[in-house]
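One structure below.
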Amino acid sequence: MALLIRRAAAAKGLLAAGAAVMFIAVLLLAGLTAYAGAAGEAGVRAAVAASGPGERSVLIRGTGGADRDRAVRDQYAGGLAGSPVTVQGAVYGSGWAVDRPGPDATADANGVVYASVVALEDLPAHATLVSGDWPAGPRTTALAEPVARLLGVTTGDTLRLADRRTKRIVPLAVSGIWRPRDAADPFWLLTPDVFAGRAPQSTTHGPIVVDRAAFDRDFATGASAGWLARPDLADATLARVGRTAEAATATAETLPERTGLGSSATITSGLPGLAARLERADLVNRSALVTPVLLLAVLGLYALTLVALLLGEARRSETALLRARGAARSQLARLAATEAFVLMLPAGLLAPPLAVFLVRTVPVPGGLDVDARLDGPVWLIAALAVAGGVLALTLPALSRGRTYVAETATRARLPILRRAGVDLVVVALAVLGWVQLRQYSSPVGAGFGIDPLLAAAPTLGVLTGAVLAIRLLPPIARFAAARLDRGVTRARLLGTWQAGRRSHAGPMVMVALAVAAATVSWGLNGTTQASLDDQAEQQVGADFRLIETGGTAPAGRLGELTALPGTGRVAAAWRESMTLSAGTDPAEFLAIDAAAAAEVVLARDDATGGPPGRLFQQLAAARGRENPATELRPGRVVTDGPARTTAVFTDGRRIDLGASDRGKPLDFTAAGPGLAGFIVDPGPAGITWRVTGQDGEWQAVGPTGTATAAQGDGALRSVGRFAVTRMPTRSPVPVAMTPAALTELRVEVGKASFLKLGNAGVPIRVVAVVDRVPGTAGGAAIVADRTTLDARLFEGWGLVPGTGEWWLSGTPAGVHDLTGLRVLDRRALADAASRDPFGAGARVALFLAAFGAVLLAAAGIAADSRATARRRAGELAVLHTLGAGPRLLARSLVVEQAFLAGVGALAGLAVGLLVAGAMAPLLVLTPTAVRPVPEPVVEVGWLPTVASVVLLVGIALTLSAASAASAARRLPAARLRLGADR
């Protein structure tokens with residue numbers, strides 16, 4: 001023990017440096033581990049809260065009945081895997097239609113508008129009354145806003161429902177109009193038509209809500225039932241979500257038999273999908289959080305190794321003396337291990353609690369409000385760090401335990417390939433990791449809870465740079481020193497000469513590693529943030545995209561949007577999913593006003609082959625010859641049977657002109673520019689229709705595309721609903737499409753072709769091929785000029801597509817207050833993605849890794865500067881005796897350290913940029929563990945990167961200046977001791 005204390009006292013400076021490096025390393029590693037665990041838990045909670053309604057619930061549909069209702073509720077009375085479950089129910093009428101619906105209602109081929117009559121349990125807790133009261137008496141109803149608008153009724157009106165089986169009419173007084181409080185509430189799975197006013201792809205309108213007593217009295221015949229089971233997943237962990245999903249699946253398998261629902265039961269739940277998605281997201285998150293831990297572990301290990309090498313050099317004579325006096329290598333190794341353990345133990349015991357305290361209390365830029373805990377993983381990483389530190393300080397001492405002759409002979413006998421064996425392995429692993437990342441498709445846990453490839457790839461890249469630095473920096477430094485020897489400043493001459501004759505590249509590699517780690521961290525962080533912005537821009541396609549929840553826009557919507565303060569340009573659009581060829585995934589078809597879109601659409605230049613505005617200008621310029629615009633003038637509609645006539649305009653507007661009948665002509669006074677034609681809704685029999693007061697030649701076009709020319713007196717004869725249009729021009733619709741769509745359609749750029757849209761077909765001409773269509777998922781897609789397309793559909797098929805979405809530029813105030821719209825805000829989506837705990841935690845960890853790299857490098861440089869000054873004490877004393885002044889010698893030490901730090905910083909910057917450029921875009925994944933759309937591009941983040949380099953070099957210069965000043969003050973004493981050791 002006395003020998004151990006004397007040895008430690010003789011090298012207290014280097015041992016203190018080693019203890020500081022170890023404490024910093026354990027503090028950072030323990031803090032990152034605690035933060036990673038807390039961020040992962042916060043990510044699971046946030047992902048559950050943001051999940052879709054169907055992912056957080058179980059929906060059961062089947063035949064109704066009081067016994068079945070009790071049985072279903074009993075199945076969930078005990079919860080799911082410890083999670084309490086709330087069950088809410090609904091009953092649905094069948095066979096009901098709306099008598100005398102409004103003009104906006106959608107009828108089937110027989111003119112029937114079906115009604116969805118429902119009694120919803122606990123509706124007032126989930127909806128807000130806009131007007132009136134909730135239904136409380138017989139034959140009263142409350143309607144959601146969309147269905148009330150479609151049916152043309154409001155509070156105080158009477159809604160007449162017809163029983164299709166008995167022809168009985170049930171009048172319902174509309175007691176109130178309501179709207180959902182939260183569109184993301186799973187409760188609305190019980191009535192999915194609440195937002196649009198009718199079920200998708202159907203003519204059933206609803207919900208028409210009555211109370212349960214009224215339902216049992218008037219609508220119970222043929223009724224069905226639905227139940228929504230919602231497990232409480234607040235503060236749920238990943239394991240708990242998984243157990244809940246398994247229990248929900250097991251319950252669903254036995255529920256039909258146990259409840260008596262039998263084959264009528266339909267059970268849907270997204271809980272298993274949510275559990276699988278969270279598992280993938282957690283895997284990606286953990287892998288991303290391990291990356292900075294590995295970077296700091298490598299830096300800390302190298303810093304300790306540097307201290308161990310400096311310690312070995314300082315003790316070379318002491319070790320040789322102990323060996324000469326009979327000390328065995330094992331004894332020296334035990335002595336070094338004991339010393340290292342005593343040195344490392346305080347860091348292992350004190351750093352973890354301090355790290356958790358700092359994570360809880362110190363705000364981190366862009367950080368999360370996490371509840372870090374001092375748990376097993378934190379102590380484990382601290383123990384592993386201490387063990388690594390003990391090994392780092394022990395192994396060099398073990399090798400120094402050989403005799404001088406044995407060490408020299410061993411180095412001389414090793415061939416160059418064997419000496420470079422580990423180097424080649426590291427380089428090969430890095431190259432293999434890069435190749436695998438390029439072919440990467442999905443994370444693989446490999447049983448460790450992380451994906452080793454995602455976690456280790458950046459560290460392997462940095463290690464490869466370090467290996468190259470160790471081999472290349474010394475000769476580079478000697479070469480640069482030789483070139484700088486031609487200078488005239490004696491301090492620079494002496495300093496560069498000393499740098500060129502150093503025996504190891506320790507400080508240079510330390511700086512290079514730190515700069516490379518910081519650059520990679522900032523590169524990964526910047527690339528991830530830029531990718532989030534690009535993903536939001538691709539998803540929205542503009543500053544704002546507003547989707548009509550009712551399917552089509554109500555009259556006056558354009559005026560509402562343009563009146564909002566801050567609104568720039570507005571582009572109206574509609575879209576649909578279409579199958580291009582058999583056996584392929586559906587493609588997205590977008591029709592948008594190309595002229596307006598040129599000023600609205602946003603996308604990265606690589607999406608559209610240049611600025612997106614240029615693409616849409618190209619589409620607008622490719623429009624063919626169109627019918628000249630006409631005006632709607634006051635006139636008269638004459639028919640020989642009942643019919644309702646609606647005027648249709650080129651901008652999508654419609655004006656209901658009214659109804660006519662035999663002997664009852666319709667005189668209208670409506671007027672306006674941009675008339676496209678008319679829609680005529682006759683009775684079941686065919687009619688003759690004629691309009692007066694309008695210019696141009698007209699034709700009747702039926703739903704099948706069959707056109708009938710006007711008779712001599714201008715009258716049109718047709719059966720069923722038909723459109724009255726101008727004579728068609730048949731100019732092709734200009735479109736742009738992705739390569740996948742071009743291949744599946746087998747069309748060529750610049751040549752006319754034909755495209756099927758539902759039952760209609762239109763001529764098209766491909767004017768451009770784009771990598772991605774803005775506002776789509778990034779797959780096969782087609783974008784068309786809506787103005788031309790709507791004209792072809794109306795003239796050829798009598799179809800008038802309604803506006804389904806609006807693309808806006810600017811920052812419209814109050815847009816979220818408009819009803820019937822789902823708002824996609826590009827900036828809000830990017831901001832929400834950046835605050836997602838799964839991604840934000842990894843970015844904060846990268847910030848801490850960059851900061852920690854600077855701290856560890858500073859500690860290593862401080863140790864090397866102090867050791868260099870002490871090692872050079874004899875040389876400096878001789879030079880001082882020969883006439884060199886203290887200031888000259890101090891400046892030479894600063895020049896030496898500055899030269900080494902500069903070379904290392906430049907090398908580290910080059911390595912970091914290379915690794916970030918090669919790997920950062922390949923390491924960015926979405927929370928669902930897939931490649932983002934669009935593909936990420938490298939964003940280095942030059943400001944923090946350069947700041948890190950400047951800070952590190954500044955620290956190196958400051959520490960070397962302090963060591964040089966201390967050495968200069970000790971020169972007189974060193975001169976007196978010259979030759980004392982001989």
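For the sequence shown, the UniProt record's numbering assigns the number 1 to the initial residue and increments by one for each residue that follows. Using N, Cα and C, we set each Cβ at its ideal position, and we do this for glycine too.
Under DSSP, the beta-bridge partners assigned to Asp681 are Arg644. The three-state reading of DSSP puts Val924 in coil, since its state is none of H, G, I, E or B.
Taking the C-beta atoms as reference points, Thr204 is found nearer than 8 Å to Tyr114. Distance from the CA atom of Arg969 to the CA atom of Glu41, rounded to whole angstroms, is 55 Å.
In the three-state reduction of the DSSP assignment, Tyr76 falls in the coil class, being assigned neither a helical nor a strand state.
Three or more Cβ pairs drawn from the segment 523-541 and the segment 840-859 lie within less than 8 Å of each other, which places the two stretches in contact.
In the DSSP assignment, Glu548 falls within the unbroken beta strand (DSSP E) covering 544-548. Ala144: member of the beta strand (DSSP E) spanning 140-144, first to last residue.
In this model, Val638 and Asp593 are separated by some 35 Å (Cα to Cα). Here the alpha carbon of Ile764 sits roughly 10 Å from the alpha carbon of Lys756. Rounded to the nearest whole angstrom, the C-alpha separation of Ala328 and Gly917 is 50 Å.
Around Pro377, the same chain offers Thr33, Gly37 as residues with beta carbons nearer than 7 Å, after the five sequence neighbours per side are excluded. Counted as a single uninterrupted DSSP element, the beta strand (DSSP E) harbouring Ser116 occupies residues 114-120. Taking C-alpha positions only, Leu233 is separated from Leu274 by approximately 12 Å. For secondary structure counted as the alpha helix (DSSP H) over 4 or more consecutive residues, the segment 156-230 holds these complete runs in sequence order: 212-218. For Ser865 and Leu271, the gap between their C-alpha atoms comes out near 59 Å.
Here Asn285 is actually not in contact with Gly820; their C-beta atoms are around 37 Å apart, not less than 8 Å. With respect to the 8 Å criterion, Leu513 and Val290 are not classified as neighbours on the basis of their beta carbons. Positions of the beta strand (DSSP E) runs, each at least 3 residues long and wholly inside the segment 728-757, are given as 733-737, 752-757 in order along the chain.
If you look at Glu626, you'll find it isn't in any alpha helix (DSSP H); DSSP assigns it neither H nor E. For Pro231 and Ala47, the gap between their C-alpha atoms comes out near 15 Å. At a Cβ-Cβ threshold of 8 Å, Asp785 and Arg625 do not count as neighbours.
In terms of Cα proximity to Gly814, the closest of Ala25, Ala136, Leu546 is Leu546. Inclusion of Ala142 and Gly176 in the CB contact set at 8 Å is warranted, their separation being smaller than that value. In the three-state reduction of the DSSP assignment, Gly904 falls in the helix class, which pools H, G and I. Going by beta carbons, Thr519 and Thr945 fall inside the 8 Å limit. The C-alpha of Val147 lies about 16 Å from the C-alpha of Thr140. Annotation: Ala947 to Trp522 spans about 11 Å, alpha carbon to alpha carbon.
Between Thr268 and Leu59, the alpha-carbon positions lie close to 5 Å from each other.
By the C-beta criterion, the segment 550-565 is judged not to be in contact with the segment 744-761, since fewer than 3 inter-stretch pairs fall below 8 Å. Secondary structure of Leu233 (DSSP, three-state): coil. Taking a cut-off of 8 Å for Cβ pairs, the segment 649-666 and the segment 718-725 do not touch, as fewer than three such pairs fall below it. The alpha-carbon of Pro565 is positioned some 21 Å away from that of Pro554. Tyr92 and Ser224 have their alpha carbons spaced roughly 5 Å apart. By the neighbour-count criterion, in which a residue is buried when 16 or more other Cβ atoms sit within 10 angstroms of its Cβ, His816 is exposed. Taken atom to atom, the span from the alpha-carbon of Trp574 to that of Ala90 is near 33 Å.
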